[in-house]
Amino acid sequence: MIERPWWQHAVTYEVYVRSFADASGDGVGDLEGVRQRLDYLEWLGVDAIWLTPFYRSPMADFGYDIVDHTDVDPLFGTLGDMDRLLADAHAHGIRVIVDYVPNHTSDRHPWFVESRSSRTNPKRDWYYWRDPRPGSSAASDGRPNNWLSLFGGPAWELDPATGQYYLHTFLKEQPDLNWRNPEVVRAMHEVARFWLGRGVDGFRIDVAAAVAKDPELRDNPLDPDPKPGQFGAEWLRQVHAHDFEHPDIVAMWQGFRRVLDEAEPPARVSIAEVASDDLVRWARYYGPQLDAVHMPFGFHLVRADWHAAWLRAAITRVEAAVPDGAWPNWVLGNHDQPRIATWAGPERARVAMLLLLTLRGTPTVYYGDELGMENVPIPPDRAQDPWELNEPGQGRDPARTPMRWTAGPNAGFAPATAEPWLPVGDARAGGDVEAQRRDPGSMLSFTRALLRLRRSDAALLDGAWSPLDAGDGVLAFTRAVPGRRVAVVLNLGADAASVALPSGGRVLLSTLGDGVRAGERVTRAARGGGPAAPLAAWEGLIVELDEP
Ligand code: GLC
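With the first letter of the sequence shown counted as 1, position 103 gets the number 128 in this note's numbering; the numbers rise by one all the way through.
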């Protein structure tokens, strides 16, 4: 195996803290709940967990609106709980990555309270304050520019007391920090140092693309050809040329990287949330000398079109865009997306897991996806996500429902006396950890076997990625290091298929059944051709090739 920084060989597991395990019995997951499940995570075989925000927050956006970056919200526990979780996770061989939210704070953060208090307050410039447009009369037409909130409506809110507007890329309860003010940069770097000092292994950087805005805050142009996408129709009508990703974004993350590099060993990692479809822009986040973030998240296959040709082209493009020496990253699901088993279909959930864990790079598995959890329908009167309340239908609650541990009350997520903050859903959908652990043919058993295989297989950890020619409906590629080559073949369709392989080989793992095919030889000659792997509908295989 090639000697690499730990995070290049790691599989990260996203713990949405509110929904993982509730030890306190208030219906909301907490840090102690996560600590009590470390045995499970070690058994599963993940290397690192990413904890979503657990900082003090009024919870307007469920923790992405912070009032104190260096304390734990009582809902999730105490700083002592966090220290215990860190120590125990490390004792289990699991690293801990925490969320870092640079773009905005809560409107109740003391910085914003001060900033808002008067036009001359020393912290006024810590946020974006602007006068109404000259000549405007009513609040509605005085907005400084045409920028929109991702969660619906304009991105500007008038503060009547001081007569100026402030900017909020998300909720009006989440004012944007001004990263062009060096005091803000210093204060936010101190936040990172605080957590590095407590021993966290890295940061997941929330909306990393938003911190650099056009210095002149110019209007965004309108998109002559708006494409459908994840955000509201109004938001998609603009080209987001000025509210995101001004070119000096890279320098901002280079500055942050220096803070990480100065920390005591072991090496810490930064993974940035960057949604850019433009791969040139996306790749810039690595930095010109690989000196900005360690990895931008690779969201390129999220809600993908599950056609082999499309996937192959998309992966090839990303592989080509990753700079020399940099390391790719892959994600299929997270707390902002529908569940994979829902958008890709339950049959393809295993194929999707196989793909995620066999591409070259660091993958992130979203909690519950190892069970094939599906979106849980949320009755309108239980909706929690502020985005859903602003723009019905956009909400993320269905993918944030409690982890299903057992078939017992509250799916074992919370004590029977508690009411979980979101419904746990139907017991039949996807099963639970307890039942799936006993079933060698379950999605959980499959995921665990795959994680174990990946950990011990030099080709899967380090190997170069090359696509193979395969028929319609089958995605096939190899991963190769000197002396070892494996093929990964994924049947994305409902018909049986056969894939020609560069040499004979031995099946290491199948997505179907209880791995009964493992050990099977693939030497069967296709009619008139070389070796071929037969695939059942929606079957994926890893084949160790005889010829490296
Ligand atoms: C990121 C988070 C999302 C949050 C938003 C605002 O996209 O993943 O959950 O609502 O940032 O902080």
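Heads up, the beta-carbon is just placed ideally off N, CA and C, and yes, glycines get one too.
Starting from L533, follow the beta strand (DSSP E) in both directions and report where the run begins and ends. Counting from one through the sequence shown, the residue named residue 533 turns up at place 508. From DSSP, the beta strand (DSSP E) with L533 extends over 530-535.
Taking the beta strand (DSSP E) that S523 belongs to, which residues open and close that run? Here residue 523 is taken as the residue at index 498 of the sequence shown, counted from 1. Note, S523: beta strand (DSSP E), 522-525.
Which residue from W331, D494, A460 puts its Cα closest to that of F502? Within the sequence shown, numbered from 1, the residue matching residue 502 stands at position 477. Of the candidates W331, D494, A460, the one whose C-alpha sits nearest the C-alpha of F502 is D494.
Is the CB-CB distance between G530 and V568 below 9 Å? For the purposes of this step, residue 530 is taken as the residue at position 505 of the sequence shown. For the purposes of this step, residue 568 is taken as the residue at position 543 of the sequence shown. Contact: yes.
Assigned secondary structure, V284 (DSSP; H/G/I helix, E/B strand, else coil): Residue numbering aside, residue 284 sits at position 259 when the sequence shown is read from its first letter. If DSSP states are grouped into helix, strand and coil, V284 belongs with the helices.
Threshold first: 4 residues or longer. Then list the alpha helix (DSSP H) segments lying entirely within the region 437-515, N to C. 458-463, 468-481, 483-487
At a cut-off of 8 Å, would you count Q199 as near the ligand GLC, judging by its Cβ distance to the nearest heavy atom? Taking the sequence shown and counting its residues from 1, one reaches residue 199 at position 174. Flag set: Cβ of Q199 near the ligand GLC.
Nearest to R60 by alpha carbon, out of A489, A186, L396, M107? Translated into the one-based positions of the sequence shown, residue 60 becomes position 35. When only C-alpha atoms are compared, the closest one is M107.
Would you identify the three-state DSSP class for A551, choosing helix, strand or coil? Taking the sequence shown and counting its residues from 1, the one referred to as residue 551 is at position 526. Low local confidence applies: a pLDDT of 49 at A551 is under 50, so the model's placement there is unreliable, with the coordinate-based value given in what follows. Of the three classes helix, strand and coil, the one that applies to A551 here is coil, per DSSP.
Ordered list of alpha helix (DSSP H) runs contained in the region 221-263, each at least 4 residues: Here the runs fully enclosed are 258-261.
C-alpha distance - A543 paired with W68, whole-angstrom precision: Within the sequence shown, numbered from 1, the residue matching residue 543 stands at position 518. Within the sequence shown, numbered from 1, the residue matching residue 68 stands at position 43. If you take the alpha carbons of A543 and W68, they lie about 21 Å apart.
Coil, strand or helix - R62 by DSSP: Here residue 62 is taken as the residue at index 37 of the sequence shown, counted from 1. DSSP places R62 in coil when its eight states are reduced to three.
DSSP puts D124 in a beta bridge; with which residues? For this step, residue 124 is matched to residue 99 along the sequence shown. In the DSSP output, where bridge partners are listed per residue, D124 has R229.
Is the distance from the Cβ of N245 to the Cβ of F195 below 9 Å? Along the sequence shown, one-based indexing puts residue 245 at 220. Along the sequence shown, one-based indexing puts residue 195 at 170. In this structure, F195 does not lie closer than 9 Å to N245 by Cβ.
Return yes when the Cβ of A351 is within less than 9 Å of the Cβ of I365, no when it is not. Stepping through the sequence shown from its first residue, residue 365 is reached at position 340. Stepping through the sequence shown from its first residue, residue 351 is reached at position 326. Not closer than 9 Å, so no.
Buried versus exposed call for T77 [16 or more other C-beta atoms within 10 Å across all chains shown]: Start at 1 with the first residue of the sequence shown, and residue 77 comes out as number 52. Its Cβ being crowded by 16 or more others within 10 Å, T77 is buried.
Return the chain-ordered ranges of every alpha helix (DSSP H) run that is complete within the region 285-367 and spans a minimum of 4 residues. Qualifying alpha helix (DSSP H) stretches, in chain order: 304-308, 333-346.
When you compare each of V121, D184, V225 to Y152 by their alpha carbons, which one comes out closest? As a position in the sequence shown, residue 152 is number 127, starting the count at 1. Of V121, D184, V225, the residue nearest in Cα terms is D184.
Of the residues R205, R141, G160, T145, which one's Cα is nearest the Cα of E182? Translated into the one-based positions of the sequence shown, residue 182 becomes position 157. Closest option to E182, Cα to Cα, is R141.
Do W490 and R504 have their C-beta atoms closer together than 9 Å? Counting from 1 along the sequence shown, the entry for residue 490 is found at position 465. Counting from 1 along the sequence shown, the entry for residue 504 is found at position 479. The answer is yes: Cβ separation under 9 Å.
For the ligand HEM, any of its heavy atoms closer than 8 Å to the Cβ of W412? For the structure depicted, the ligand HEM is absent and the ligand set comprises only the ligand GLC.
For G565, the first and last residue of its enclosing beta strand (DSSP E): As a working note, residue 565 is residue 540 in the sequence shown. Start and end: 565-570.
With the cut-off set at 9 Å, would you say K238 and H267 are in Cβ contact? Within the sequence shown, numbered from 1, the residue matching residue 238 stands at position 213. Within the sequence shown, numbered from 1, the residue matching residue 267 stands at position 242. Between K238 and H267, the C-beta spacing is below 9 Å.
What did DSSP end up calling H117 once you bin it into helix, strand or coil? For the purposes of this step, residue 117 is taken as the residue at position 92 of the sequence shown. Coil at H117, not helix or strand.
If you follow the alpha helix (DSSP H) that L560 is in, where does it begin and where does it stop? If you number the sequence shown from 1, residue 560 lands on position 535. That residue, L560, is in no alpha helix (DSSP H); its beta strand (DSSP E) goes 557-560.
What residues are listed by DSSP as bridge partners for D394? For this step, residue 394 is matched to residue 369 along the sequence shown. In the DSSP output, where bridge partners are listed per residue, D394 has none listed.
How long is the line joining the alpha carbons of G222 and L247, rounded to whole angstroms? Along the sequence shown, read from residue 1 onward, the residue named residue 222 stands at position 197. Along the sequence shown, read from residue 1 onward, the residue named residue 247 stands at position 222. Approximately 45 Å, taken between the alpha carbons.
My output table needs one value for D201: the three-state DSSP class, helix, strand or coil. Position 176 of the sequence shown, counted from the first residue, corresponds to residue 201. Three-state DSSP puts D201 in a strand.
Is the region 336-353 touching the region 465-483, taking contact as three or more C-beta pairs under 8 Å? no
Report the rounded CA-to-CA distance for S467 versus D451, giving the unit in angstroms. Here residue 467 refers to the residue found at position 442 when the sequence shown is read from its first residue. Here residue 451 refers to the residue found at position 426 when the sequence shown is read from its first residue. Here the alpha carbons of D451 and S467 stand approximately 18 Å from one another.
Would the C-beta of E281 count as close to the ligand GLC, meaning under 8 Å from any of its heavy atoms? Position 256 of the sequence shown, counting from 1, holds the residue named residue 281. The amino acid at residue 281 is misidentified as Glu; the sequence shows Phe. The answer is no for F281.
So, at 8 Å on beta carbons, what are the nonlocal neighbours of G52 in its own chain, with the 5 sequence-adjacent residues on each side left out? For the purposes of this step, residue 52 is taken as the residue at position 27 of the sequence shown. Contacts found: A439, A443, E444, P445, W446.
Between P363 and R407, is the Cβ-Cβ spacing less than 9 Å? Start at 1 with the first residue of the sequence shown, and residue 363 comes out as number 338. Start at 1 with the first residue of the sequence shown, and residue 407 comes out as number 382. Their beta carbons are not under 9 Å apart, which means P363 does not touch R407 by this criterion.
In the DSSP assignment, what are the bridge partners of Q189? In the sequence shown, counting from the first residue as 1, residue 189 sits at position 164. In the DSSP output, where bridge partners are listed per residue, Q189 has D184.
Roughly how many whole angstroms lie between the Cα atoms of L357 and P157? Position 332 of the sequence shown, counted from the start, is the residue given in the question as residue 357. Position 132 of the sequence shown, counted from the start, is the residue given in the question as residue 157. The alpha-carbon atoms of L357 and P157 are separated by roughly 42 Å.
Going by Cα to Cα distance, which pick from N170, V71, E39 is closest to D124? Walking along the sequence shown from the start, residue 124 turns up at place 99. Out of N170, V71, E39, E39 has the C-alpha closest to the C-alpha of D124.
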